[in-house]
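Enquirer:
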Amino acid sequence: MGLYRTDAIVLGHRNIGEADRVMTLFSPEKGKISAVARGVRRLNNRLLGGTQLFTFSNFLIMENRNLDSISQCEIKESFHKIRANLERMAYGLYFAEMLRASTPEEDKNHALFNFFLKTLYFLQEWDDLELLSRIYEIKLMAIQGYSPEISRCASCGKKLTEKMRFSSRLGGAICFRCFKDDASAVDISCETVKVLQGFIKKPYRELINLDLQEEIKKQLKNACQPFIFHHLDRRLKTLEFIDDINSLKA
Ligand SMILES: [Zn+2]
Numbered sequence: 032m033g034l035y036r037t038d039a040i041v042l043g044h045r046n047i048g049e050a051d052r053v054m055t056l057f058s059p060e061k062g063k064i065s066a067v068a069r070g071v072r073r074l075n076n077r078l079l080g081g082t083q084l085f086t087f088s089n090f091l092i093m094e095n096r097n098l099d100s101i102s103q104c105e106i107k108e109s110f111h112k113i114r115a116n117l118e119r120m121a122y123g124l125y126f127a128e129m130l131r132a133s134t135p136e137e138d139k140n141h142a143l144f145n146f147f148l149k150t151l152y153f154l155q156e157w158d159d160l161e162l163l164s165r166i167y168e169i170k171l172m173a174i175q176g177y178s179p180e181i182s183r184c185a186s187c188g189k190k191l192t193e194k195m196r197f198s199s200r201l202g203g204a205i206c207f208r209c210f211k212d213d214a215s216a217v218d219i220s221c222e223t224v225k226v227l228q229g230f231i232k233k234p235y236r237e238l239i240n241l242d243l244q245e246e247i248k249k250q251l252k253n254a255c256q257p258f259i260f261h262h263l264d265r266r267l268k269t270l271e272f273i274d275d276i277n278s279l280k281a
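To convert, note that position 147 of the sequence shown is 178 in my numbering; the numbers rise steadily by one, no gaps.
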């Protein structure tokens with residue numbers, strides 16, 4: 032037991048006791064960790080700034096037998112623009128929940144950390160947050176080793192033609208010969224598959240001004256979300272929050 036220092040992003044927290052909070056942090060060296068911030072809910076507490084949701088801070092953490100505790104923290108990037116906007120906040124919570132659900136405790140992964148940090152920078156500025164969500168969903172799955180098969184049929188391995196569907200259960204696009212293997216597969220066009228390939232290969236900055244037709248956006252949503260829920264084996268709670276906000280906007 033001792034002290035250690037690490038950079039980390041605040042993924043979430045829950046209140047315990049009178050003034051404490053158990054933080055879920057995501058660090059490049061240690062992966063997902065839990066640590067308590069004591070007294071953080073008191074006014075002017077020195078840990079308050081650096082432990083806000085999505086804040087990227089440097090933490091000094093004391094190891095304990097049960098739960099580690101945060102001794103100090105220093106803000107590196109506050110990401111206040113995310114917290115200042117309800118819609119950005121809702122998507123941030125969704126991204127964080129997806130990350131938590133797909134990552135085991137204390138599993139270090141520098142590539143995943145850098146990807147999530149980059150996503151937060153773009154979440155502050157991006158206009159079409161639904162589009163950012165689709166890109167994030169598919170990039171996250173690819174980094175976690177679950178890229179969808181979209182270069183050939185995910186079921187029989189043969190070349191794909193114009194007539195294809197997307198099957199979450201079979202792990203990607205399927206050819207018309209294999210439609211019978213998954214009745215729940217959804218429509219997807221060659222164009223949408225090309226867009227998906229771009230999401231995996233291209234960096235965010237090359238995708239930020241992408242202007243897609245409504246039909247492609249619809250197909251992407253119908254394909255990406257069930258694909259993720261299939262791999263995570265659950266639906267995500269934060270998605271309801273996003274649906275509520277979107278229906279208010281509509
Ligand atoms: Zn096939």
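We treat Cβ as the ideally placed atom computed from N, Cα and C, and that holds for glycine.
What's the gap between the Cα of leucine 124 and the Cα of arginine 208?
Expert: Whole-angstrom Cα-Cα distance: 40 Å.
Enquirer: With a threshold of 7 Å, establish whether the CB of arginine 200 neighbours any heavy atom of ligand 1.
Expert: It does not: the Cβ of arginine 200 is nowhere closer than 7 Å to a heavy atom of ligand 1.
Enquirer: Are leucine 84 and valine 41 touching if we call contact CB-CB under 8 Å?
Expert: Yes, Cβ-Cβ distance for leucine 84 and valine 41 is below 8 Å.
Enquirer: Taking the C-alpha atoms as reference points, what is the distance between serine 178 and glycine 70?
Expert: Distance between the alpha carbons of serine 178 and glycine 70: 43 Å.
Enquirer: Tell me whether leucine 189, by its Cβ, gets closer than 7 Å to a heavy atom of ligand 1.
Expert: It should be pointed out that residue 189 corresponds to lysine in this sequence rather than to leucine. Yes, the Cβ of lysine 189 comes within 7 Å of a heavy atom of ligand 1.
Enquirer: Beta strand (DSSP E) containing valine 67: first to last residue?
Expert: Valine 67 -> beta strand (DSSP E) spans 62 to 68.
Enquirer: Roughly how many angstroms lie between the CA atoms of threonine 150 and arginine 45, to the nearest whole one?
Expert: Rounded to whole angstroms, threonine 150 to arginine 45 spans 23 Å at the Cα level.
Enquirer: Below 8 Å on the Cβ atoms is my guess for arginine 165 versus phenylalanine 258; work out the distance and round it to an integer in Å.
Expert: Wrong, their Cβ atoms sit about 11 Å apart, outside the cutoff.
Enquirer: Starting from valine 71, follow the beta strand (DSSP E) in both directions and report where the run begins and ends.
Expert: Taken as a continuous stretch (DSSP letters only), valine 71 belongs to no beta strand (DSSP E), as it is neither H nor E.
Enquirer: Any heavy atom of ligand 1 inside 7 Å of the beta-carbon of arginine 196?
Expert: Result no, Cβ not under 7 Å from ligand 1.
Enquirer: For threonine 37, which option in Asp51, Gly43, Phe57 has the closest C-alpha, if you only look at C-alpha atoms?
Expert: Looking at the Cα atoms, Phe57 is the closest of the given residues.
Enquirer: Please classify leucine 46: does DSSP put it in a helix, a strand, or coil?
Expert: First, the residue type needs correcting, since residue 46 is asparagine and not leucine in the sequence shown. The answer is strand: DSSP assigns asparagine 46 an E or B state.
Enquirer: Would you mind stating whether glycine 33 and glutamate 94 have Cβ atoms separated by less than 8 Å?
Expert: Result yes, Cβ atoms of glycine 33 and glutamate 94 sit closer than 8 Å.
Enquirer: CB-CB under 8 Å to threonine 55, same chain, minus the five flanking residues each way: which ones, in chain order?
Expert: Excluding sequence neighbours, threonine 55 sits near Val41, Leu42, Gly43, His44, Lys63, Ile64, Ser65, Arg131.
Enquirer: State the Cα-Cα distance for the pair lysine 189 and arginine 196, rounded to the nearest angstrom.
Expert: Using only the alpha carbons, I get a separation of about 14 Å.
Enquirer: Using a Cβ-based criterion (distance less than 7 Å to any ligand heavy atom), does isoleucine 205 qualify as near ligand 1?
Expert: Yes, Cβ of isoleucine 205 sits closer than 7 Å to a heavy atom of ligand 1.
Enquirer: Apply the 10 Å Cβ neighbour rule to lysine 211 and answer buried if 16 or more other Cβ atoms are within range, or exposed otherwise.
Expert: Answer is exposed; the Cβ neighbour count stays below 16.
Enquirer: Suppose you measure from the CA of isoleucine 181 to the CA of asparagine 75; what does that come to, to the nearest Å?
Expert: Looking at the two C-alpha atoms, the distance is approximately 52 Å.
Enquirer: The alpha helix (DSSP H) with aspartate 256 in it runs from where to where?
Expert: Checking the sequence, you will find glutamine at residue 256 rather than aspartate. 245 to 263 is the extent of the alpha helix (DSSP H) around glutamine 256.
Enquirer: Can you grab the Cα-Cα spacing for the pair lysine 233 / leucine 163, in whole Å?
Expert: Lysine 233 and leucine 163: Cα-Cα distance of roughly 13 Å.
Enquirer: Leaving out five residues on either side along the sequence, give the residues of the same chain with a beta carbon under 7 Å from the beta carbon of isoleucine 219.
Expert: Here the set comprises Met195, Arg196, Phe197, Ala204, Gln250, Ala254.
Enquirer: Measure how close the beta-carbons of isoleucine 273 and leucine 117 come, nearest whole angstrom, since I'm counting them as under 8 Å.
Expert: With a Cβ gap of about 11 Å, isoleucine 273 and leucine 117 do not count as contacting.
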